[in-house]
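Chemist: I'd like to ask some things about the structure below.
Protein chains: 2
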Amino acid sequence: MVGCMHSRSPAVRSGRPRSAEADTAILAATREALVELGWSKLTLGDVATRAGVAKTTLYRRWAGKNELVVDAVAELFDALELPDCGSLAADIEGVVLQFAAILALPEARSGLMAVVAEATRDEVLRERIRASVVDRQKRLVLEGRARAQARGELPAEEDPESAARTVDLIFDMVAGAVVHRTLVSAEPADEEWVRSFTRVLLQGLGS
Amino acid sequence: MVGCMHSRSPAVRSGRPRSAEADTAILAATREALVELGWSKLTLGDVATRAGVAKTTLYRRWAGKNELVVDAVAELFDALELPDCGSLAADIEGVVLQFAAILALPEARSGLMAVVAEATRDEVLRERIRASVVDRQKRLVLEGRARAQARGELPAEEDPESAARTVDLIFDMVAGAVVHRTLVSAEPADEEWVRSFTRVLLQGLGS
DNA sequence: GGCTTTCGCTACGAGTCGTAGCGTAATGCC
DNA sequence: GGCATTACGCTACGACTCGTAGCGAAAGCC
Chain H
9 MVGCMHSRSP AVRSGRPRSA EADTAILAAT REALVELGWS KLTLGDVATR AGVAKTTLYR
69 RWAGKNELVV DAVAELFDAL ELPDCGSLAA DIEGVVLQFA AILALPEARS GLMAVVAEAT
129 RDEVLRERIR ASVVDRQKRL VLEGRARAQA RGELPAEEDP ESAARTVDLI FDMVAGAVVH
189 RTLVSAEPAD EEWVRSFTRV LLQGLGS
Chain E
9 MVGCMHSRSP AVRSGRPRSA EADTAILAAT REALVELGWS KLTLGDVATR AGVAKTTLYR
69 RWAGKNELVV DAVAELFDAL ELPDCGSLAA DIEGVVLQFA AILALPEARS GLMAVVAEAT
129 RDEVLRERIR ASVVDRQKRL VLEGRARAQA RGELPAEEDP ESAARTVDLI FDMVAGAVVH
189 RTLVSAEPAD EEWVRSFTRV LLQGLGS
């Protein structure tokens, strides 16, 4: 779960509490509608009907379609885990395959790119995506990198600023390549592709 | 230009010819509307007004918003050229910087990702994007690779099938990383970043 | 001049948007 | 139990966009 984003004072709140079932039902209905209709034909009225709630309830909780879809899609990526396979190459292959499996879901494919596109013109939305999707998963790079350095597979960087830049670069290269392969080239990121990708990432094009 | 896509028989066509100025005006108006309004708020009626043509003229030439924006954005990428800087690393840095400059344009940012998102549910649209954007620019990878192999910087592959897979992989890695850096991480792909990226791409993470 | 196709314009029904208003349900506090 | 407070479901609304149809005029080829 992403957590309630409208709780200004999470302490005392008299009155009827918001239905937690409604939240999960709405997000599930959003993903269902994304699968059947895609982003552009998805309407909030339709999502409300699917979820069994009133349309006004939706507007009370989310500012619009963008925010709703971000929350609905973000939940999908929480399943990502970094396996410990003994080597950096195997770890990368494992997590990339998981990432590819999520991007193979139609609800992720249609929703993710659409909100990213909208975010190019909406600073607040971009921050929401960063917080609930990007930064949440950057932990995988940090963890894998630390493990590899402990194993001696990667050189340790002392300068923390330079290390942060490297982490960002790796994240952009990994996530970008898988997204581009899956959504733009529209080819499956299968085991063979992942192996080739990991080889280039670790050893470069020259070898 | 992408070329007329409705000419079933390009030979004899009696009657009043379609205005070429209208085509360029419409595509320019589309990019202008993308900058000011973004994808979701762009309407075909608005584009028609900006271009100084009737709304019906738009619908006679394009099936819908998706197809129109693909053509409008595709023109932006035709400016890409592969510089000959003497080394593979310098060539890559040059072309990636050009690519990043295009992605920095607001009309490219908002439009490109949106149509890619729509293409996840539209086979015909996906093919249109592949033909007018992706495959058109894959030539850069082919050319740069051939040059580098002639220089001895890259090993030559005999198997043409394996070579094609490598070209696709490189394209996904380069384009994906730049797109992710620019649109998702929302950080500029400046010279420093491009240098780091090229270094990892050519030599891998280990060095 | 005839034929063909495009163009600009107007008008239309259908559908979605986001909001307002109202009565009811569910909680905390006294 | 009574009260204040908040969330909920429902209905209705004006505003907007959609994609299409119909018309007369314009611009080319023969």
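Those protein sequence lines, which keep their order, are chains H and E.
Going by this note's numbering, the letters in the first sequence line up with residues 9 to 215, in that order.
Going by this note's numbering, the letters in the second sequence line up with residues 9 to 215, in that order.
Where a beta carbon is used, it is the ideal one built from N, C-alpha and C, also for glycine.
Please report whether the beta-carbon of glutamine 211 (chain E) lies at a distance below 8 Å from any beta-carbon of chain H.
Modeler: By the rule that beta-carbons nearer than 8 Å mark a contact, glutamine 211 (chain E) touches chain H.
Chemist: Taking arginine 24 (chain H) as part of the alpha helix (DSSP H), name the residues at either end of that continuous run.
Modeler: Premise fails: arginine 24 (chain H) is in no alpha helix (DSSP H) and is neither H nor E.
Chemist: With a CB to CB cut of under 7 Å and the five nearest residues on each side skipped, what residues in its chain are close to alanine 62 (chain E)?
Modeler: Ala56
Chemist: What are the residues of the stretch 178-210 of chain H that lie near chain E, defined by any Cβ-Cβ distance shorter than 8 Å?
Modeler: Ile178, Phe179, Asp180, Met181, Ala183, Gly184, Ala185, Val186, Val187, His188, Arg189, Leu191, Val192, Ser193, Ala194, Glu195, Trp201, Ser204, Phe205, Val208, Leu209, Leu210
Chemist: Which bits of chain E does leucine 162 (chain H) rub up against, with CB to CB less than 8 Å?
Modeler: Leu213, Gly214
Chemist: Within 8 Å of any Cβ in chain H, is that where the Cβ of valine 78 (chain E) sits?
Modeler: no
Chemist: Please say whether leucine 133 (chain H) and alanine 139 (chain H) have beta carbons closer to each other than 8 Å?
Modeler: Their beta carbons are not under 8 Å apart, which means alanine 139 (chain H) does not touch leucine 133 (chain H) by this criterion.
Chemist: Which residues of chain H have a Cβ atom closer than 7 Å to the Cβ of serine 48 (chain E), listed in chain order?
Modeler: Ordered by position in chain H, the residues that pass the 7 Å Cβ test against serine 48 (chain E) are Glu126.
Chemist: Alpha carbon to alpha carbon, how far is tryptophan 201 (chain H) from arginine 207 (chain H)?
Modeler: Distance between the alpha carbons of tryptophan 201 (chain H) and arginine 207 (chain H) is about 10 Å.
Chemist: For alanine 97 (chain E), would you say it is in contact with chain H, using Cβ-to-Cβ distances shorter than 8 Å as the test?
Modeler: no
Chemist: If we ignore side chains and look at the alpha-carbon of each, how far apart do valine 43 (chain E) and glutamate 115 (chain E) end up?
Modeler: 5 Å
Chemist: Which value, in whole angstroms, describes the spacing of the CA atoms of valine 10 (chain E) and alanine 98 (chain H)?
Modeler: Here valine 10 (chain E) scores only 42 on pLDDT, less than 50, and its place in the model is too uncertain to base an answer on.
Chemist: Compare the C-beta of serine 118 (chain H) with all C-beta atoms of chain E and state if any pair is closer than 8 Å.
Modeler: At a cut-off of 8 Å, the C-beta of serine 118 (chain H) has a neighbouring C-beta in chain E.
Chemist: Return the Cβ separation of glycine 60 (chain E) and alanine 33 (chain E) in integer angstroms, given the expectation that the two are a contact with Cβ distance under 8 Å.
Modeler: 6 Å
Chemist: Is any beta-carbon of chain E found at less than 8 Å from that of valine 149 (chain H)?
Modeler: no
Chemist: Which residue from H:Gly102, H:Gly212, H:Asn74, H:Arg189 puts its Cα closest to that of glutamate 135 (chain H)?
Modeler: H:Asn74
Chemist: Between the Cα of glutamine 106 (chain E) and those of E:Ala183, E:Val192, E:Gly23, spot the shortest distance and give me the residue it belongs to.
Modeler: E:Ala183
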